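Structure below.
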């Protein structure tokens with residue numbers, strides 16, 4: 001059984017730890033962070049082994065009554081692979097340590113492709129990650145772009161894609177710190193980085209994105225305009241999207257008219273934190289005009305990369321060499337099913 | 001085993017149904033509503049017996065493939081008690097039906113005290129509800145006022161209380177419909193209705209409230225200024241609050257600095273929808289100046305009345321005549337414990 005460490009117990013790290021804990025072919029070796037407040041109490045409650053990233057953090061945690069198993073070095077020694085979920089600058093420093101100790105590692109979308117030399121999206125390029133030393137699970141927005149465009153590409157429908165990305169302003173728990181109000185803040189550069197980033201996984205994609213930050217924290221929403229290779233029916237397009245187990249077709253006429261209603265549905269389903277691992281794409285809003293395709297979907301920025309990360313662990317450790325089998329196993333463990 | 005019907009499967013109804021389903025001394029007879037979209041799918045997933053409130057709703061549900069057990073009359077016939085969770089005007093119509101059929105019923109805070117002649121708050125007046133035909137579980141804000149002031153009263157500390165209530169604008173799933181933005185909307189009248197409403201449970205309370213709607217959907221927040229009967233220490237006040245199992249003392253210096261951080265903590269804990277049944281009161285913010293007491297707390301408007309409703313069911317049906325035992329049983333079933 002491979003031992004997996006989670007470094008950084010924030011929005012992504014706490015979800016990755018729970019997801020690892022749900023698998024029967026890998027083991028959570030422990031979590032490591034510098035926080036000592038209510039956030040780490042979640043790991044205490046779940047009885048995870050906790051490691052302190054710095055000596056200062058260790059002292060602070062101990063003074064808060066948190067029982068610590070050791071420092072980051074000790075956690076790494078026990079682990080076969082590290083999932084780094086720390087903020088950008090910390091991750092870059094950690095990479096040097098992972099390389100020096102020759103331990104496999106997974107980074108997230110905030111890092112550069114060059115840091116690992118491989119970027120990962122399960123339905124697109126699982127096979128190319130098998131037994132590698134490192135990969136980068138691409139960001140939430142990029143993951144959603146890859147899932148949807150890969151589905152169109154598999155059906156030989158995709159010529160090129162142009163998207164407008166409405167990004168949530170910050171994470172829900174942080175909205176007292178990094179919120180915006182009564183404004184919309186566009187990224188200055190077109191293309192925004194997400195389109196080019198998708199090419200780090202699939203260099204053949206012709207995709208250009210623009211992005212704007214909007215004053216809400218629930219999820220991202222994307223609007224796409226795709227040039228098809230040929231005239232196609234709406235049914236052909238939907239059939240293509242249905243080949244992905246991680247695209248959930250939803251209906252506006254079923255009352256799912258906004259991202260807060262979608263969030264509530266996933267809370268109704270009992271998903272932890274109301275997490276939506278799928279891309280929720282409006283089936284009835286989708287429109288084909290000649291060889292042009294228009295659609296919109298919602299992306300849960302906190303959750304969509306979690307199943308991807310589990311698959312990346314399987315690929316890098318080589319415990320599963322079949323992408324379909326890994327995806328299906330991950331889906332089952334997280335309750336990702338085609339009908340709700 | 002008493003059979004309990006839930007009429008109205010909205011924000012409160014779906015939670016009440018789940019809570020009933022968790023008890024071992026009562027049985028969920030079924031849920032009844034007119035909705036046929038994603039909201040009722042939650043009841044389908046949970047395999048609850050679904051009844052249609054109107055013929056029109058029945059047709060709509062059937063056309064959506066929802067299997068229906070019957071109409072509202074049929075549900076009432078199978079039930080010993082009804083929890084009505086419908087919107088204001090519907091509940092008033094339903095009461096005539098409940099009375100005609102001589103079935104016990106519980107209403108929620110939107111209704112008038114006069115409709116039932118009894119208003120309920122478990123820690124305050126459970127005993128007076130035993131074997132009654134009807135009661136009204138008071139609103140979220142009023143419940144929080146009663147829990148906190150009753151605790152101070154039990155310790156013989158309370159002279160009078162003055163509170164400012166910051167109310168969430170609407171429920172999360174509805175914020176695309178009833179939201180407000182970039183504004184704060186005060187209630188015109190002082191006292192606002194919540195203070196007087198608390199007197200429907202405890203006529204002796206001297207309490208005056210003012211209220212304002214703020215542009216967020218997570219929870220209410222109250223600021224209180226209480227005149228004590230005598231000079232008291234902060235420790236005495238905290239000890240009084242600790243006598244309530246449904247007041248959760250939290251600490252600002254533990255990073256819980258806003259209602260979105262508190263929400264995240266309850267999501268971390270795996271509570272359904274991140275529900276907080278407790279009043280979350282800031283222990284370190286609380287201040288005593290002479291015989292004056294100042295404190296603030298957060299109220300989850302979607303969740304706080306759920307344990308109260310379960311206790312009200314036990315009182316009305318007489319299946320438990322001891323308030324402490326009912327409260328403790330309800331707390332255990334919902335995971336309300338004193339330490340997290």
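Protein chains in written order, with the UniProt record's numbering: chain F, 1 to 340; chain R, 1 to 340. The C-beta atom is built at its ideal place from N, Cα and C for all residues, glycine as well. Note that the structure is predicted; figures quoted are calculated from it, not measured.
Within chain R, the residues that residue i reaches when beta carbons sit closer than 8 Å
{"i": "residue 272(F)", "result": "267, 270"}
{"i": "residue 261(F)", "result": "38, 173, 176"}
{"i": "residue 72(F)", "result": "Going along chain R, no residue has its Cβ under 8 Å from residue 72(F), so there is no contact; the nearest lies around 22 Å."}
{"i": "residue 15(F)", "result": "In chain order: nothing, as chain R lies at least about 10 Å away."}
{"i": "residue 147(F)", "result": "Within 8 Å Cβ-Cβ: nothing; residue 147(F) doesn't reach chain R, min ~22 Å."}
{"i": "residue 246(F)", "result": "Near residue 246(F) there are no residues of chain R at all, since even the closest Cβ is about 20 Å away, more than 8 Å."}
Chain-ordered neighbours of residue i on chain R, where CB pairs are closer than 7 Å
{"i": "residue 264(F)", "result": "172, 173"}
Listed by chain order, chain F residues near residue i by CB distance under 7 Å
{"i": "residue 42(R)", "result": "268"}
{"i": "residue 22(R)", "result": "Under the 7 Å cutoff, chain F gives no residues; its nearest Cβ is about 13 Å from residue 22(R)."}
{"i": "residue 354(R)", "result": "As displayed, chain R neither begins before 1 nor continues past 340, which places residue 354(R) out of reach and without an answer."}
{"i": "residue 254(R)", "result": "37, 38"}
Under 9 Å between C-beta atoms of residue i and residue j
{"i": "residue 23(F)", "j": "residue 258(F)", "result": "no"}
{"i": "residue 95(F)", "j": "residue 4(F)", "result": "no"}
{"i": "residue 226(R)", "j": "residue 145(R)", "result": "no"}
{"i": "residue 311(R)", "j": "residue 277(R)", "result": "no"}
{"i": "residue 8(F)", "j": "residue 116(F)", "result": "no"}
{"i": "residue 307(R)", "j": "residue 327(R)", "result": "yes"}
{"i": "residue 49(R)", "j": "residue 69(R)", "result": "yes"}
{"i": "residue 202(F)", "j": "residue 141(F)", "result": "no"}
{"i": "residue 58(R)", "j": "residue 71(R)", "result": "yes"}
{"i": "residue 2(R)", "j": "residue 81(R)", "result": "yes"}
{"i": "residue 134(R)", "j": "residue 106(R)", "result": "yes"}
{"i": "residue 268(R)", "j": "residue 41(F)", "result": "yes"}
{"i": "residue 274(R)", "j": "residue 274(F)", "result": "yes"}
{"i": "residue 279(F)", "j": "residue 297(F)", "result": "yes"}
{"i": "residue 100(F)", "j": "residue 136(F)", "result": "no"}
{"i": "residue 309(R)", "j": "residue 108(R)", "result": "yes"}
{"i": "residue 271(F)", "j": "residue 220(F)", "result": "no"}
{"i": "residue 293(R)", "j": "residue 232(R)", "result": "yes"}
{"i": "residue 46(F)", "j": "residue 21(F)", "result": "yes"}
{"i": "residue 198(R)", "j": "residue 138(R)", "result": "yes"}
{"i": "residue 236(F)", "j": "residue 129(F)", "result": "no"}
{"i": "residue 157(F)", "j": "residue 240(F)", "result": "yes"}
{"i": "residue 11(R)", "j": "residue 194(R)", "result": "no"}
{"i": "residue 260(F)", "j": "residue 196(R)", "result": "no"}
{"i": "residue 229(F)", "j": "residue 288(F)", "result": "no"}
Chain R contact residues for residue i, given Cβ-Cβ distances below 9 Å
{"i": "residue 182(F)", "result": "181, 182"}
{"i": "residue 279(F)", "result": "Near residue 279(F) there are no residues of chain R at all, since even the closest Cβ is about 17 Å away, more than 9 Å."}
{"i": "residue 10(F)", "result": "Chain R residues near residue 10(F): none, gap ~11 Å exceeds 9 Å."}
Chain F residues whose Cβ lies nearer than 8 Å to that of residue i
{"i": "residue 136(R)", "result": "What residue 136(R) touches in chain F: nothing, since even the nearest Cβ is about 26 Å away."}
*Could I get the ranges of all uninterrupted alpha helix (DSSP H) runs contained in the stretch 238 to 286 of chain R, with 4 residues as the minimum, in chain order?*
259 to 268
*Does the stretch 304 to 317 of chain R come close enough to the stretch 120 to 130 of chain R to have 3 or more Cβ pairs within less than 8 Å?*
yes
*Looking at C-beta atoms only, is the number of pairs between the stretch 182 to 197 of chain R and the stretch 210 to 223 of chain R that lie closer than 8 Å three or more?*
yes
*Could you run through the stretch 299 to 332 of chain R and flag, in chain order, every residue whose CB is less than 9 Å away from some CB of chain F?*
none
*Residue ranges of each alpha helix (DSSP H) within the stretch 97 to 171 of chain R, 4 or longer*: 113 to 116, 122 to 125, 140 to 154
*Check whether the stretch 223 to 241 of chain F touches the stretch 157 to 164 of chain F, taking contact to mean three or more Cβ pairs, one atom from each stretch, closer than 8 Å.*
yes
*Taking only beta carbons into account, state which residues of the stretch 152 to 170 of chain F come closer than 7 Å to chain R, listed in chain order.*
none
*How do the stretch 231 to 247 of chain R and the stretch 142 to 158 of chain R stand: do at least 3 beta-carbon pairs fall below 8 Å, yes or no?*
yes
*In chain order, each beta strand (DSSP E) run of at least 3 residues that lies wholly inside the stretch 2 to 34 of chain F*: 2 to 7, 26 to 33
*Please specify which runs of the beta strand (DSSP E), each continuous and at least 3 residues long, are wholly inside the stretch 51 to 86 of chain F, giving them in chain order.*
81 to 84
*At least 3 beta-carbon pairs within less than 8 Å: the stretch 70 to 81 of chain R vs the stretch 21 to 35 of chain R*: yes
*asked:* Give the list of continuous beta strand (DSSP E) stretches no shorter than 3 residues that lie fully inside the stretch 164 to 228 of chain F.
replied: 207 to 214, 220 to 228
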